[in-house]
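Asker: Heads up, the sequence shown is in the numbering used here, so the first residue is 85 and it goes up one at a time.
Let me begin by handing over the structure; questions about it come next.
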Amino acid sequence: MPASELPESFIFHCADANGNPAKRDSAAWCIPVVEIDTVSTDAGGHPIAPNDATSITTSTYGPGHTFIEHLVSGAPPAK
């Protein structure tokens with residue numbers, strides 16, 4: 085079944101033929117998102133509650149723990 089025919093409650097990472105992000109109804113391919121790992125850290129890189137975090141890192145995976153995307157918001161931890 086094409087991703088465009090599934091309800092909006094299903095989350096997909098979709099792209100056009102060039103690999104650029106695209107909406108489901110116009111995408112060349114879509115991977116269902118089945119797992120999202122989120123880690124919030126303080127300025128030193130130590131885990132901390134999200135409301136107190138300097139940085140939040142999110143990794144998104146598809147079926148079989150297939151890596152899809154990695155995002156960092158805020159300042160990266162100091163090294």
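All C-beta atoms, glycine included, are put in the ideal place defined by N, C-alpha and C.
1) Confirm, please, whether the CB-CB distance from S139 to T122 is below 7 Å.
2) The ligand PLP and T125: does the residue's C-beta get closer than 6 Å to at least one heavy atom of that ligand?
3) Per the DSSP calculation, F151 is bridged to which residue(s)?
4) Note down the Cα distance separating E153 from C98, rounded to an integer number of angstroms.
5) Can you check whether the CB of T144 is closer than 7 Å to the CB of V118?
Answerer: Concretely, from the data shown:
1) Against the sequence shown, residue 122 aligns to sequence position 38. Against the sequence shown, residue 139 aligns to sequence position 55. Against a cut-off of 7 Å, the Cβ pair of S139 and T122 comes out as no contact.
2) The ligand PLP is absent from the structure shown, which contains no ligands of any kind.
3) As a first step, residue 151 must be located in the sequence shown, where it is residue number 67. As DSSP reads the structure, F151 sits in a beta bridge with Y145.
4) The residue labelled residue 153 in the question sits at position 69 within the sequence shown. The residue labelled residue 98 in the question sits at position 14 within the sequence shown. Counting only the Cα atoms, C98 lies some 11 Å from E153.
5) By 1-based counting over the sequence shown, the position of residue 118 is 34. By 1-based counting over the sequence shown, the position of residue 144 is 60. V118 is not a Cβ neighbour of T144, given a cutoff of 7 Å.
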